[in-house]
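Undergrad:
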Amino acid sequence: MRPAAPRLTAIALLALALLIETPAQTSSSAAPSVSITTAPAPLRAAPARPAALATGLRVSNVDYVTATDLALWLGFKGTWTEPLKTIALVDKINPVNHAELTADAREAGVNGLRVFLGEKVFQRDGHLYISRTDAERALAPLLRPGLGAVLPPPSKIIVIDPGHGGEDPGAENKAFGLREKTLTLDVALRLKKLLEAAGFQAVMTREGDTALSGNKVIDLSLRPNLANRAHADLFISIHFNAAAKDTRGTEVFTYAPRAQHAADWWGQLSHQDSALETTEQPVNRFDRWSSALAGALHRRMLQTLKTEDRGKKIAHWAVLKTLNCPGVLVEPAIITNDSDARRVAVPAFRQQIAEALAAGVMDYAATLDSLRPKTQPAAATAVPTPASNSR
Ligand SMILES: [Zn+2]
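Basically the numbering used here = 1-based index in the sequence shown + 25.
#1: Nearest to D94 by CA position, among L168, E221, L153, is which residue?
#2: Between N266 and ligand 1, is the CB less than 8 Å from at least one heavy atom?
#3: To the nearest angstrom, how far is the alpha carbon of I185 from that of V84?
#4: Which residue comes first and which comes last in the beta strand (DSSP E) that contains A133?
#5: So A284 is in the alpha helix (DSSP H); what residue range does that whole segment cover?
#6: For a test of your reading of the model: does the CB of E205 fall under 8 Å from any non-hydrogen atom of ligand 1? Yes or no.
#7: Given the structure, does H189 come close to ligand 1, in the sense that its CB is under 8 Å from one of the ligand's heavy atoms?
#8: Flag this pair as yes or no: are the beta carbons of I263 and L216 separated by less than 9 Å?
#9: Please classify P67 as buried or exposed, where buried requires at least 16 neighbouring CB atoms within 10 angstroms.
#10: Cβ of L396 within 9 Å of Cβ of G171?
#11: For the alpha helix (DSSP H) containing I378, name the first residue and the last one.
#12: Output the distance between the C-alpha atoms of R204 and E192, rounded to the nearest integer angstrom.
#13: Please go through the same chain and pick out, in chain order, the residues whose beta-carbon is closer than 6 Å to the beta-carbon of N253, but skip the five residues on each side of it.
#14: Relative to the C-alpha of A130, which residue among R139, K181, V146, P120 is closest?
#15: Tell me whether the beta-carbon of K338 lies closer than 9 Å to the beta-carbon of A287.
#16: Cβ of G195 versus every heavy atom of ligand 1: is any distance shorter than 8 Å?
#17: Quick one: measure Cβ to Cβ for R157 and L82, integer angstroms, because I've assumed they're closer than 8 Å.
#18: According to DSSP, A152 sits in a beta bridge with which residue or residues?
#19: Which same chain residues end up closer than 6 Å to E356 when comparing Cβ atoms and leaving out the 5 residues on each side of it in sequence?
#20: Taking a contact to mean a Cβ-Cβ separation below 9 Å, would you say L220 touches I183 in this structure?
#21: Determine whether the beta carbon atoms of G385 and L167 lie at a separation below 9 Å.
#22: How close, in whole Å, do the beta carbons of T279 and S316 come, if the pair is a contact with beta carbons under 8 Å?
#23: Tell me the residue span of the beta strand (DSSP E) that contains T207.
#24: Report buried or exposed for Q328, applying the criterion of at least 16 other Cβ atoms within 10 angstroms of its Cβ.
#25: Check the C-beta distance from A284 over to T303 and give it rounded, since I have them as a contact under 8 Å.
#26: Given a cut-off of 9 Å, decide if V121 and V375 are closer than it, judged by their beta-carbon atoms.
#27: What are the partner residues of K102, as DSSP defines its beta bridges?
#28: Just tell me which of L97, R139, Y89, E144 has its CA closest to the CA of W290.
#29: Cβ-heavy atom distance between T209 and ligand 1 below 8 Å?
#30: Evaluate T104 with the Cβ neighbour count: other Cβ atoms within 10 Å of its Cβ, from every protein chain shown; 16 or more gives buried, anything less gives exposed.
#31: Determine the contact status of D258 and K181, defining contact as a CB-CB distance below 9 Å.
#32: Which two residues bound the contiguous alpha helix (DSSP H) that contains H323?
#33: Per DSSP, what are the beta-bridge partners of D186 in this structure?
Next up, the structure:
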């Protein structure tokens, strides 16, 4: 069925992946017994889009890969848990690292967290298919960070963006006296303190109750522009959501990859984001790392806050669009929901949000460090950024 060459390449890449993750476990039949201490870093040598993840099908201009090929590329084992319906992907090295793909679902499970995909997974002729973009830019960054990605510089400068401000209050809950613009600034200032204590340089897009506006018009693009001027390595925009009264919980957004609809487009909010972007936006160069960062923030927030999981989603947020670095927009809680609002009204809870975000940033920075060869200084070993990357 499948050409032999890509399969061989896949096995070679799997061997490299095994080398990267567990130098002590090179006894696998697929992995040659080469010591990692002298070997060049395999990730740096890997092409940006390994041929190993072969296209299985092309439907309506979207490339799909089989779950089996995805598992092979990741170094995972794929098993039907419900025949022709659900496949569990389990890390061969670290079995707690796992994902679940289900036919006709636009949502995947990754290590117990909800991850919304840009395209529906489907079953055909005994194979489960997932879009290549989702496989490479949504799932791989969470399951095998760095696979198929160019390593960005170490995370030093973190730009924190407290959503709204000034004449733009954002969401409100009058019964609890809550305004989004005040809450986002409070959490941002707490996060700034924590990140600085951990040795990061934290830059705020606003320090007071002000809107970012040009010619007296609120201009959301000023926020990523400020981050770019500050040479941000990461960008985190903090918001508190508004939704139907009974809806509560935490959600995390990255900018939608090229030619993908926002997660909510498929549901009742389609009117809010009906456009498909057919060209790549500046932040799309960092889709994989934005997803990895989102995953770290998502996991830490859910663990710490014990809120309802509304998932990792994609959307066309203007505050992320023109970033020259990975960027994430977080909605730790929904303040129009009284049960979430009751918690957010307490300063100790807002401190917990900041601590979860700081821990997520540190997890992400540690992941980057772990992927960098240890034998040379970090700056000298960073992969040259592609020509299109003007950072
Ligand atoms: Zn907001």
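A virtual CB, placed ideally from N, CA and C, is assigned to each residue, including glycine.
Just so it is clear, the structure is predicted and the values come from calculations on it, not from any experiment.
TA: According to the structure shown:
#1: L153
#2: At least one heavy atom of ligand 1 is nearer than 8 Å to the Cβ of N266, so yes.
#3: 39 Å
#4: 132-135
#5: Careful: A284 lies outside any alpha helix (DSSP H) and carries neither H nor E.
#6: yes
#7: yes
#8: At a Cβ-Cβ threshold of 9 Å, I263 and L216 count as neighbours.
#9: Per-residue confidence for P67 stands at a pLDDT of 38, beneath the threshold of 50, marking its modelled position as unreliable; the derived number appears in the next sentence. It counts as buried.
#10: yes
#11: 372-396
#12: Answer to the nearest angstrom: the Cα atoms are 12 Å apart.
#13: N349
#14: V146
#15: yes
#16: yes
#17: Their Cβ separation, rounded to whole angstroms, is 10 Å, which puts R157 and L82 out of contact at 8 Å.
#18: The amino acid at residue 152 is misidentified as Ala; the sequence shows His. Answer by DSSP bridge pairing, in chain order: R149.
#19: H264, N266, E276
#20: yes
#21: no
#22: About 6 Å; that satisfies the 8 Å criterion.
#23: Per DSSP, T207 belongs to no beta strand (DSSP E); it is in the alpha helix (DSSP H), 205-222.
#24: exposed
#25: 6 Å
#26: One point to set straight first is that residue 375 is Arg, not Val, in the sequence displayed. Going by C-beta atoms, R375 is not nearer than 9 Å to V121.
#27: Residue pairing by DSSP places K102 opposite V115 in a beta bridge.
#28: E144
#29: yes
#30: exposed
#31: yes
#32: 312-330
#33: S262
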